[in-house]
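To start, the structure itself, in structure tokens.
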Amino acid sequence: FVASNNLSTVPLRKPLRMLTINNSDISSGLITRKVTLRVSIDDHSEDLALLVTDIGDDNIILGMNWLR
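When we follow the working numbering, the leftmost residue of the sequence shown carries the number 470, and every step to the right adds one.
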């Protein structure tokens, strides 16, 4: 998504580890970059800092804070 939309990313100060639901590391390794995007859902919009990694055919993974 980031590459196909020519989005600018910035490096993270410290690489992050992402775990799957079964507590194993994601196959693409440490996350080293982020992108800030304006996200709009219905009448609500906000700028979000999103971590960038290869997650296959999906565009975004929502964390537990979003799902609660």
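Where a beta carbon is used, it is the ideal one built from N, C-alpha and C, also for glycine.
Given the structure is predicted, the values throughout are model-derived calculations rather than measurements.
N-terminal and C-terminal residue of the alpha helix (DSSP H) that residue i is part of
| i | result |
| --- | --- |
| Leu536 | 533–536 |
Proximal residues to residue i (C-beta, below 7 Å), its chain only, five neighbours per side dropped
| i | result |
| --- | --- |
| Ala518 | Lys503, Thr505 |
Range of the contiguous beta strand (DSSP E) that encloses residue i
| i | result |
| --- | --- |
| Arg482 | 479–485 |
| Thr505 | 500–510 |
| Asp516 | 513–521 |
Nearest-angstrom Cα separation, counted from residue j out to residue i
| i | j | result |
| --- | --- | --- |
| Leu542 | Asp526 | There is simply no residue 542 to check, as the chain begins at 470 and stops at 537 in what is shown. |
| Leu481 | Asn492 | 22 Å |
| Ser497 | Asn528 | 14 Å |
| Asn474 | Lys483 | 25 Å |
| Asp512 | Asn534 | 20 Å |
| Ile510 | Asp516 | 12 Å |
| Thr478 | Arg537 | 28 Å |
Residue i and residue j closer than 8 Å at C-beta
| i | j | result |
| --- | --- | --- |
| Ile495 | Thr489 | yes |
| Val521 | Ser514 | no |
Residues near residue i in its chain [Cβ-Cβ closer than 6 Å; skip 5 each side]
| i | result |
| --- | --- |
| Phe470 | Asn528 |
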